[in-house]
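Remarks on the structure that follows.
Protein chains in written order, with this note's numbering: chain A, 89 to 371; chain B, 89 to 371; chain C, 89 to 371; chain D, 89 to 371; chain E, 89 to 371; chain F, 89 to 371.
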């Protein structure tokens, strides 16, 4: 069993309050107070993510959790995910929020695991990573889902690693930038983008921890790696490739003896997993 | 020019703060203070959404906005969206957040408009609608993007319209539910889901404003409409169809003389539009 | 038993924190730690509202709730409302906040029920409604209290129904406004204000769901209704009357075969119900 | 010109956001973008309060303030209070919130000044005070309005003065309580409630700054004051009377050579002042 | 056992969230899920403060509290403060925050008690007080720690007592200022700073409750007190001395028959108490 | 000129609101509205920090900033730091908050720079670092002040670097822990604590980026470095020393060819710098 970061409870509650600023008028007008049980079911094959958040919310709102699965588990279409019992009004209030959390997070986790497995088949040492191209305000949820799927989370934010990209290089030379970053702090990794093999060499010589090969063709990646090796630097740096890599082109990169493949699509083009919540009337 | 709801500024600022809880260490270490200009460009054809939010954020953080487009405008790949001038550190701090907002919102708006136009070609009176299957915490952003794309926003939350669905019907008879809702308030519309033509009739007779035909085949929709007409009720109710309708099956429903087609995919399966921000060094 | 919307716990807690930004110095200096029981008693006849909020707060702060009444119950002067046991310091910290919540909400509920009953005696189908003239920041509390008293809540906010009033009509023709609103969304009711019988007719013909007759004399209301009937539109629209209607003039409108009477005074001129909290020393 | 505390801007903004969680659908659908001017007018005689808050909100939302009055000014029915120019959508978004703020605060200020003047006529040294019986969450607004009306604000919260009341006295002897409070801090005044003249004497001897005579008849107040004088303590303490004093009985207390009369009704039974906002179409 | 104000739970939680915006990556990657026990130990002699906050946080995050000490208790180096059992990940997440709270608050309490005892030895009636020179955002924590140490808390904020200082006196005569404050409210004490004995007399005659002798030498304090006595005012006012008084000079003031000595250093120059948290593996 | 992270404005405003929950009663009662100028002056030699925050707050509250210094500048006692003009009430409201921010941050920056210079004299490559022993809730302020003083900021939080300490090693072998962390993410540095030279070797062999030598004597540090060198690992890892190092013992470590010396005292034992704000009456 692995551990993942926790989403603060007040964020989770805010998702419910967003969906009912003045209450759930349908249940209030229509449903008599009663206890019932509800079951959330997978309506497609999926890697489960978001369950910890669902449990947290249900418990906060007073529901009793019955049998439940685990984040990271793989489910087949039709399998039961979690069962809860309590006030019908509470279940109806939470229904859409629970499904939206599970749907987005499981959607991310499912695709991530699928692609990670594709990559591992080619290259057991390679790993895909998430990016900062997450939904605004959902950085932690999206990164957690990618973690559950098996990706390297990459930087969480602008505060936790140095990454020198094109826009920085308009303003400062990349090797100079790496040196300044090195002088800045010893506790944060330094990565810099290279557009050519020569730039990659220059950056490695300046002391970067990671070289980002952005928008390079597989051929150029091979050439760059060769130049680094020829200069005895391949073992001193890690290599990340990125830039419009899709499911189709993934394996052309995976097989190249690189370390990481970062994929914006993991979080910027999410297809929610399909799940449903069904209420069963108490006898 | 149309008007759309405003996202509260503190939400927008929170997106930036999420991306830099302890500052942007790359710029701080690497980039000397200087003024520069940046341009956001479409990297694909798109319907623009999120620009009001981008302008708001840029101005709050002290950037000067230059030439800019309008929310709802259609752009070709390569066209310039907005130009801003100010501190390089500020632009680098905002870059990813601005693109994430524009990317998600324009992604939603672009697909919405495309599908709405498909539908209108079949049936000028029909309209697609968004659902509550939005990213958690992003209800207003997602609904606004769908509005910009041309959809009917549907309910914003559980507080603004009554919708009696399967889970309510486990707990109360649908016609009884409609009557209770009618007694609850006069100021909120009442919609109820029907699984069969007979149920649709019963609900219409109970006084619902809108009948939701969920997961019905086109043939069943025709049959239901016929039964309502035969009972003189077609003009008294509006008809919404929903349930797993995809881009492929959309036109089979659009042509059926219904009023609304609600599509969860507009917001639960978003592919961000592709945009980039490029810094130009001040001479 | 009816259901009502819940006030978010953090709002309730903020009421307590507002009353003690740096603690309760009286209890801290003066009262030795001890357990005691307190009883809240009605000091006038009242319809109880706010009890769910009181229970929520007491439980959050660790008090044990004993015998208690129900929101919506009618109490005579001197009757006990709720009994709680726990730390004397906690009870003293909460005392004023609990009474302020119960006092305002029961004040609103009591007057609402009284007026609703007056109206029903005249016209069993008519109902009074609350307005948006609530205390700033207390929209949900005030609406909930009015609901408990038996009113129709009317719009909760600007987001949940269309209401075209005088200030809109300065800027757009009312019938044109109704048509635009109709094109905007199918899921929100459309109401428009009419100053004359002719305007009411025009608005009804444009497709409004509800006609608001604002500041009309009873005679004008009768005339307007007649004109609508003559045009076969009375059954297609609902009629709300409003505008400075007081307890004294209420019945002149109630008897007119209208649907709703909206009363700003329910929430803009509140007389708190009188309740007291008494501590009993533990033996 | 006097100064009053400022309400934090984020509180004021929250009042607007409460009224439009998903935008103002009426204006969005119905009103074409345009600039206009609006005027707020008194519809009754009033003492103005809440204007600083209105100005703050209007400026935050980008409106230009024209001619305006001052908090504390007395207005006759029909007089103009403030004039603002800007986006019609913004004015319509703010309208109800602005009126709710002005209405409540001016309602409190108007009644406060009226009662304070009644008291001063009887006894120029006496002054009425507000209590903590304010609307939950609106402590500062309500106290500020009472200040503008001319009342002594009394304690703002449980943190800024010691007040030993009935419920404390169940748990500790009042003279002992005063001594403990005296030992607690030198920087907060100490007031204690007395039910009899003898208790008042005991409390004064224990060193209280203020004696609260709660629910005493005018005769008992006279007797208490006499006993304090006889013991040379009248000049050492201040006297507050309270407890169900109404407009009718106010003068029976005002004339008694007491210092303060605290009136819960100033804030727990507010009748909003009547004001209106009218939009004028730009030519 | 004494009572102290409570720090709102959401503040305490925010301290934890500040330390882990995206989780605790060390534990997540490295530590297998397991239950363990941890003990917090004093690594120096100290007066304990912050324990209530530690207990509150631990319980909120699901830890079970074992044996524990009390706020205000004196501990020798090596003594155990509190013991907790639960998820190893939770304990590691909280570790630094718990120690930072205990360290700062116990640091303040320890020094406060030490200095208060110094003063009492000289003058049993004198007492030291905290000031508003606290860490920004930590007013309540710092004041509470000083209270636990035995200081008079002094004003908590600008809202709870009047203090007329040099900067006010540039703008208004001190005696006039005292009179205006007296007219402002009866429920807040009035203190004014005096630079000379004559000013002190003038302020006392104007009716101040407390005279602040700021930056006076011991000789000038004696002279001032004498002048007040000669005018029969010593018993009518309290005397606070302040201004750069250090541990070394404290007793020169303590012996002077003054009432309070305010010391900015209690909170503006804090040396955290040294404590450690040690995890013990469950067998 | 260097760049530093920005403290979010709403945090800064919250510091002011904490100091005036119900306004500044002294100014309100005592000071007539007027414009004035105020000057903040150093009352000791200091390295300035917190000025950006002061400017931000002053501008937000409407003051005009005149001549001002820069964060990081060194000032002698008596030098002017910043000058501001505007409402006297606003300046008085902000005074204490501004000084508390400047005092704490400049206190940290001043000591940091002093110690960093001590270290550099011994060893130009060595650098001191801040720790997570900051005041609760002030992580970013404290780290920013240390950055301005010239320290390496070290980890900002538990989310941005892996640090395996004693408490982790109770639960998992250190070399195994390093390997797991390496498998966790490529984008965060990995540091592990060693108690002996052998442990240091084991950790270096496992692939840590940084070795933390905690509570080692200078002699043990030398021995450890030698063992690492003998195994060809000195150049592959960075060395941090920590553990109760004081101003007195600092140079014994600085001269040892280590990379970083982390000092809890920079932020856990802060002596605020002394500054004053003086108002000058406008003529």
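Note that CB positions come from ideal geometry on N, CA and C, so glycine has one too.
Name the DSSP beta bridge partners of residue i, please?
| i | result |
| --- | --- |
| residue 172(E) | 126(E), 153(E) |
| residue 109(B) | 111(B) |
| residue 281(D) | 300(D) |
| residue 363(C) | 130(C) |
| residue 252(B) | 280(B) |
For chain I, check one thing: does any of its Cβ atoms lie closer than 8 angstroms to the Cβ of residue i?
| i | result |
| --- | --- |
| residue 228(F) | Going by chain labels, chain I is absent from the structure shown, which instead holds the protein chains A, B, C, D, E and F. |
Just to check my reading of the structure: residue i and residue j have Cβ atoms closer than 8 angstroms, yes? What is that Cβ distance to the nearest angstrom?
| i | j | result |
| --- | --- | --- |
| residue 342(D) | residue 234(D) | Between residue 234(D) and residue 342(D) the Cβ distance is about 17 angstroms, and since that is not below 8 angstroms, they are no contact. |
| residue 151(A) | residue 174(A) | 4 angstroms |
| residue 229(E) | residue 193(E) | 6 angstroms |
| residue 323(C) | residue 285(C) | Residue 323(C) to residue 285(C), Cβ: 17 angstroms. No contact. |
| residue 301(A) | residue 329(A) | 5 angstroms |
| residue 204(F) | residue 237(F) | 7 angstroms |
| residue 116(E) | residue 93(A) | 7 angstroms |
| residue 177(D) | residue 119(D) | 6 angstroms |
| residue 367(E) | residue 255(F) | 4 angstroms |
| residue 357(C) | residue 359(D) | 4 angstroms |
| residue 274(F) | residue 298(A) | 7 angstroms |
| residue 267(F) | residue 295(F) | 7 angstroms |
| residue 309(F) | residue 351(F) | About 16 angstroms separates the two Cβ atoms, so there is no contact after all. |
Just the chain F side, please: which residues come within less than 7 angstroms of residue i by C-beta, in chain order?
| i | result |
| --- | --- |
| residue 96(D) | 105 |
| residue 273(A) | 240, 241 |
| residue 66(A) | With chain A covering 89 to 371 only, the question about residue 66(A) has no answer from this structure. |
For residue i, go through chain E and note every residue whose CB falls closer than 7 angstroms to its CB, in chain order.
| i | result |
| --- | --- |
| residue 147(C) | Neighbours of residue 147(C) on chain E: none; closest Cβ ~14 angstroms, over 7 angstroms. |
| residue 369(F) | 258, 259 |
Can you pull the chain A residues whose beta carbon is under 8 angstroms from the beta carbon of residue i, in chain order?
| i | result |
| --- | --- |
| residue 150(E) | Result: empty, since nearest Cβ-Cβ is about 11 angstroms, beyond 8 angstroms. |
| residue 231(C) | 110 |
Can you name the residues of chain E whose CB is closer than 9 angstroms to the CB of residue i?
| i | result |
| --- | --- |
| residue 392(A) | Given a span of 89 to 371 for chain A in the structure shown, any question on residue 392(A) remains unanswerable. |
If we count the other Cβ atoms within 10 Å of its Cβ and call it buried at 16 or more, is residue i buried or exposed?
| i | result |
| --- | --- |
| residue 307(E) | exposed |
| residue 232(B) | buried |
| residue 241(A) | buried |
| residue 317(F) | exposed |
| residue 200(D) | buried |
| residue 245(F) | buried |
Anything in chain D within Cβ reach of residue i, meaning under 9 angstroms, just list it in chain order.
| i | result |
| --- | --- |
| residue 246(C) | 107, 108, 109, 110, 111, 112, 113, 114, 115, 180, 181, 184 |
Show which residues of chain B have a CB atom less than 9 angstroms away from the CB atom of residue i.
| i | result |
| --- | --- |
| residue 165(A) | Chain B residues near residue 165(A): none, gap ~14 angstroms exceeds 9 angstroms. |
**Message:** So within the segment 183–238 of chain F, which uninterrupted beta strand (DSSP E) runs reach at least 3 residues, ignoring any that extend past its ends?
**Reply:** 215–217
**Prompt:** What are the start and end residues of each continuous alpha helix (DSSP H) run of 4 or more residues lying completely inside the segment 295–337 of chain D, in chain order?
**Reply:** 306–318
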